[in-house]
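A.B. asks: This is the structure I want to talk about, given as structure tokens.
What follows is the structure, given as structure tokens:
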């Protein structure tokens with residue numbers, strides 16, 4: 001177990017192994033997203049209440065899922081980095097943060113666009129949108145904290161601690177916002193909590209969600225690989241690699 | 247009571263730059279070890295590692311033959327560390343400052359001890375003034391009074407001579423030597439040239455490598 | 461790179477170190493001393509205690525001017541305004557929580573104490589709450605009168621603020637510890653801490669709202685208490701870890 005963890009933590013080993021996995025994830029992401037969006041946008045039946053505008057769900061929901069998952073992944077990477085001092089975990093966490101923030105933004109933006117036909121306004125203090133907005137602030141905080149340190153080692157540790165504090169808080173924030181929302185606006189139509197969706201509607205959604213996850217993994221791997229090269233540029237194996245390539 | 251702080255294969259990497267690598271160090275009772283090196287060679291970092299403030303290093307530390315992570319409590323209760331900054335509150339009087347240190351060290355609250363310690367560093371008559379009103383050298387002396395106040399075998403001193411006048415420097419040097427003779431150990435960094443004594447040893451940090459001369 | 465001659469110097473060292481006393485007092489003594497020291501420090505610089513209170517009063521003055529002096533409108537938004545303003549005032553004083561200790565080197569000494577850092581940090585946070593959160597809570601009813609807060613909710617306002625601000629101090633201290641090594645950490649601190657304050661705000665302002673509507677307030681106060689318990693459980697460790705990171709520079 002220990003040997004395995006440390007082997008996984010070796011940048012060189014990670015670089016080699018991820019090169020083999022990477023094409024599969026990219027291919028899966030492209031395939032799933034293509035199938036999901038064509039199915040969802042062109043073939044899935046229109047919603048009896050919302051018409052075609054409900055199709056935003058195929059972007060909104062996967063982005064929202066991913067936004068939350070990435071924060072958890074970031075905190076777990078932070079924990080691995082703090083406990084086992086595995087630098088790859090920190091590099092991955094650093095690369096995930098902007099992606100997570102982008103996904104949160106996409107979820108918020110698609111939610112706002114969806115709000116126009118549904119509520120007749122760009123913004124409603126809907127429980128989910130509010131939680132998403134707070135999540136965006138949490139992401140911005142982690143990114144800003146990492147950028148504020150002059151020493152990268154300290155930056156990595158501080159960002160890891162903050163991500164862990166955030167991940168403990170996310171469920172608390174989520175439940176308190178839900179509670180706040182029901183108190184102030186009871187029984188309002190909520191966009192995503194819906195009665196059972198027919199199979200033809202949620203199958204493409206499932207495919208899209210899977211596609212987004214593959215995309216996330218592929219992009220994180222790619223970005224982590226270039227981060228490895230950047231940080232380890234003085235190491236011999238990177239120089240040899242560069243020598244071979246160029 | 248024996249005293250032995252050992253470092254084996256100590257290395258510290260800061261942002262992909264090795265401050266020092268493969269450093270072996272043995273500090274035992276009865277010696278003054280002076281860490282030397284140009285600015286940025288990692289002197290303060292080494293002192294912080296050796297005093298247990300930084301966990302971010304490679305290699306091993308032993309306190310009295312036991313690995314540091316097991317002996318940490320025993321080590322901390324044998325250590326007196328004076329940092330680059332004096333650790334003295336400007337709004338508190340010297341007496342109040344020392345009272346906190348006394349309590350943190352776990353010693354009984356004794357004003358007589360505090361007064362004696364302040365007198366020992368030449369601050370008699372300044373006990374009840376806010377420390378901020380004292381000169382920089384006097385503020386440093388408040389910190390140095392801890393050497394008298396809290397007897398500990400291992401002293402780790404980062405630039406203790408800063409802002410101290412000539413007589414004060416001589417007195418402090420004598421104090422360090424006396425501590426070594428009494429069976430204590432001193433680990434010190436300073437830009438000030440220490441006078442040669444049999445108990446003084448130099449450890450030089452330089453471009454990525456540690457050199458030792460005797 | 462072995463050193464020659466170390467063995468010889470052991471021989472010369474003579475008798476076992478006489479200049480050593482085993483520390484006797486325990487955690488209680490260190491906690492008491494740290495608590496007392498921080499209290500004295502803050503009491504000597506009264507400005508740091510009064511500034512958040514003045515800020516609180518000022519912000520509350522801005523709202524009727526900016527919105528409307530209509531008592532009816534003010535009374536409906538008063539619980540939220542009072543809570544938000546108090547929260548911002550508490551935030552204002554957070555930056556100095558560890559800054560002084562960091563600048564003058566006492567923080568290193570705190571870290572090197574044989575006592576657990578989490579407990580010592582908790583003593584510092586307790587002082588912060590005692591001289592920031594509690595005075596804000598006591599002052600809030602006065603400002604409540606100015607915002608025509610409906611009768612019957614004043615006690616709940618003070619109580620919810622006293623309870624909630626303890627959580628705010630604890631959570632805020634994590635942010636303060638993370639940013640203490642940064643030269644301009646103030647704005648960043650707010651950015652890190654404010655999102656984490658939201659649950660406390662919801663239940664704190666909710667308690668006052670419930671008191672006005674005549675609903676039960678026990679649930680709100682119980683949840684505020686639960687949030688405080690969670691913060692007490694996790695925050696000291698996070699503060700200690702963050703301080704160790706900050707001291708690395």
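Protein chains in written order, with our numbering: chain Z, 1 to 246; chain Y, 247 to 460; chain C, 461 to 709. The beta carbon of each residue, even a glycine, is placed where N, CA and C say it ideally should be.
1) Closest by CA to residue 681 of chain C, which one among C/662, C/576, C/697, C/605?
2) Please classify residue 234 of chain Z as buried or exposed, where buried requires at least 16 other C-beta atoms within 10 Å of its C-beta.
3) For residue 247 of chain Z, count neighbouring Cβ atoms within 10 angstroms of its own Cβ and tell me buried if that reaches 16, exposed if not.
4) In angstroms, rounded to a whole number, what distance separates the CA positions of residue 14 of chain Z and residue 22 of chain Z?
5) Just tell me which of Y/327, Y/302, Y/298, Y/331 has its CA closest to the CA of residue 316 of chain Y.
6) Can you check whether the C-beta of residue 705 of chain C is within less than 7 Å of a C-beta belonging to chain Y?
7) Put residue 328 of chain Y into one of helix, strand or coil per three-state DSSP.
8) Please state whether DSSP places residue 120 of chain Z in a helix, a strand or coil.
9) Starting from the N-terminal side, write out each stretch of the alpha helix (DSSP H) that is 4 residues or longer and does not extend beyond the stretch 24-94 of chain Z.
10) Please identify the residue among C/647, C/598, C/592, C/625 whose C-alpha is closest to the C-alpha of residue 503 of chain C.
11) For a contact meaning CB atoms closer than 8 Å, what does residue 556 of chain C contact in chain Y?
12) Using DSSP's beta-bridge definition, name the partner residues of residue 568 of chain C.
13) Mind checking the stretch 347-362 of chain Y against chain C and listing, in chain order, the residues whose C-beta falls within less than 7 Å of any C-beta there?
14) Helix, strand or coil: which one does DSSP assign to residue 367 of chain Y?
15) Could you work out which residues of chain C lie near residue 327 of chain Y, taking near to mean beta carbons separated by less than 8 Å?
16) Could you pull the DSSP bridge partners for residue 404 of chain Y from this structure?
17) Taking its Cβ as the centre, do 16 or more other Cβ atoms sit within 10 Å of residue 707 of chain C, making it buried, or is it exposed?
18) For residue 157 of chain Z, tell me which candidate among Y/344, Y/248, Y/301 has the shortest Cα-Cα distance.
19) Mapping DSSP to helix, strand and coil, what is residue 483 of chain C?
20) Alpha carbon to alpha carbon, how far is residue 223 of chain Z from residue 37 of chain Z? Give it in angstroms, no decimals.
21) Please return the same chain residues whose Cβ sits closer than 8 Å to the Cβ of residue 71 of chain Z, not counting the five positions on each side in sequence.
22) For residue 179 of chain Z, tell me which candidate among C/580, C/664, C/507 has the shortest Cα-Cα distance.
23) Which residue marks the beginning of the alpha helix (DSSP H) containing residue 658 of chain C, and which one marks its end?
24) Quick one: what does DSSP say residue 257 of chain Y is sitting in, helix, strand or coil?
25) Under a three-way DSSP split, which group does residue 414 of chain Y fall into?
26) In chain Y, which residues lie with their C-beta within 9 Å of the C-beta of residue 565 of chain C?
27) What are the boundary residues of the beta strand (DSSP E) that includes residue 268 of chain Y?
28) Note down the Cα distance separating residue 330 of chain Y from residue 385 of chain Y, rounded to an integer number of angstroms.
29) Is DSSP giving residue 149 of chain Z helix, strand or coil here?
30) Please compile the residues from chain Z whose C-beta is within a distance smaller than 8 Å of the C-beta of residue 260 of chain Y.
31) At a Cβ cut of 8 Å, what residues of the stretch 645-665 of chain C count as close to chain Z, listed as they run along the chain?
32) Specify the secondary structure class of residue 20 of chain Z as computed by DSSP and reduced to three states.
33) From what residue to what residue does the beta strand (DSSP E) around residue 309 of chain Y run?
34) Of all the options C/605, C/619, C/565, C/673, which has the alpha carbon lying nearest to the alpha carbon of residue 524 of chain C?
35) Can you confirm whether residue 488 of chain C, when its beta carbon is compared against all beta carbons of chain Y, has any partner nearer than 7 Å?
36) Which of the three DSSP states, helix, strand or coil, is assigned to residue 313 of chain Y?
C.D. replies: Reading off the structure:
1) C/662
2) exposed
3) Residue 247 of chain Z lies beyond the stretch modelled for chain Z, which goes from 1 to 246, so this question has no answer here.
4) 11 Å
5) Y/298
6) no
7) strand
8) coil
9) 57-84
10) C/592
11) Here the premise fails: no neighbours, minimum Cβ distance about 13 Å.
12) Answer is none; residue 568 of chain C lacks a bridge partner.
13) 349, 350, 351, 352, 353, 354
14) coil
15) 568, 569, 572
16) Y/435
17) buried
18) Y/301
19) Unreliable placement is indicated for residue 483 of chain C, whose pLDDT of 47 sits below 50; the coordinate value is still reported in the next sentence. DSSP places residue 483 of chain C in coil when its eight states are reduced to three.
20) 25 Å
21) 100, 135, 138, 139, 163, 166, 167, 170
22) C/664
23) 646-673
24) strand
25) helix
26) 328, 329, 330, 331, 332, 333, 334, 389
27) 263-274
28) 13 Å
29) coil
30) 151, 153
31) 645, 648, 651, 652, 654, 655, 656, 658, 659, 662, 663
32) helix
33) 304-309
34) C/605
35) no
36) strand
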